[in-house]
Structures are given as C-alpha cells and as structure tokens.
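Numbering (the UniProt record's numbering), first residue to last: 1 to 159.
Idealized CB from N, CA, C, for every residue including glycine.
A quick write-up on the structure given underneath.
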C-alpha cells in the first residue's frame, strides 16, 4: 500500500494536503490528523501511508492506522450530532475527548465533513483548537463536492 501522491491533484487538493501536514508539523503534541466526509469516508490523512495495523505505543496514533482515527472521528461525530438533536442543542461545533494517554478533538467543517486530531494528553488544548479552527476556516469554502470526490479517489488509489 502506498501513500496517495499529491502529483496530479488539483491545486486545491494539494493545498489541503499541505495544510493538514502543516497542522501536524507545527502544533506541539499533535500525533495525527484526518478529514472525514459527512458519510464517514476518509478524505485526507496526515499519515496516509500507514494503513496497516501495527502495535501501538503510548506515542503512536490509534492502534496503527489512519483509517482507525477516521473511524473514531466519524463515530464521535455521529454520537454528538445525535446527542445535540435529542437535547435541542443545535449544531455541534467541536468535541474533545481527554484520556489518560491522549486526546481526540473533532471539529465540524461547513460541508458536514469533520476534522479530527489525535494529540498527546499534555497538549495545549487551546492551541490545538485554534489551529483546527484555522484549518476549518481555510478548508471549508474549498471542500466542494468535486474536491471531495477527487480526494476520495486519491485515497482509494493509495489502497
């Protein structure tokens, strides 16, 4: 299995890949990042070459694959949307799960997609949330149906 190449992708798709990589590289404590479509499919991943399961250590991402993080993000997104409906709470903007050995952040993107981040337990949550909001602000207006289709195809071709 190979990582999807950004060669041959549109400028918008390459920019989203760059923004996602930048989020992991520049924000202290961030392990991995993924973007999941509203129907639960992974569109982008900070580590798209790591689809194989592997033993996870305390500093690794979810049990070995970017697909695992995408599944977790999709599930958390579904649960919180359902909870918000039951409580007449309106739209869900952000969810954070703090665990002994890490944190998971999920933020809504304007088209119904979700941005998910797996971070260390000692990360600065406000810094992570700020950089996620920057990504959402930049990605939300370019994540068109055509771009989502292009990103899906690039992820499928990597498998």
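query = In this structure, what does DSSP give as the bridge partners for residue 119?
reply = Per DSSP, the beta-bridge partners of residue 119 are 30 and 103.
Element boundaries [beta strand (DSSP E), containing residue 87] = Note, residue 87: premise wrong, no beta strand (DSSP E); not H, not E.
query = Going by beta carbon distance, what residues of the same chain come within less than 6 Å of residue 57, once the five residues before and after it are set aside?
reply = Per-residue confidence for residue 57 stands at a pLDDT of 45, beneath the threshold of 50, marking its modelled position as unreliable; the derived number appears in the next sentence. So no residue of the chain qualifies.
query = Run through DSSP, which three-state label would residue 142 get?
reply = coil
message = Pull the bridge partners of residue 95 from the DSSP assignment, please.
response = 106
ask   = Quick one, which of 98, 108 and 103 has its alpha-carbon nearest residue 90's?
value = Residue 90 has its Cα closest to that of 108, out of 98, 108 and 103.
inquiry  = With three or more beta-carbon pairs closer than 8 Å as the criterion, would you say the segment 130-137 touches the segment 39-46?
reply    = no
request  = Between the Cα of residue 126 and those of 83, 20, 96 and 9, spot the shortest distance and give me the residue it belongs to.
outcome  = Of the candidates 83, 20, 96 and 9, the one whose C-alpha sits nearest the C-alpha of residue 126 is 96.
request  = Take residue 31 as the anchor and find which of 114, 101, 153 and 145 has the nearest alpha-carbon.
outcome  = 101
Extent of the continuous beta strand (DSSP E) run through residue 41 = First-last for residue 41: undefined, no H or E at that position.
Proximity winner among 85, 118 and 111, relative to residue 98 (alpha-carbon distances) = 118
key: Whether residue 20 touches residue 37 by CB criterion (8 Å)   = no
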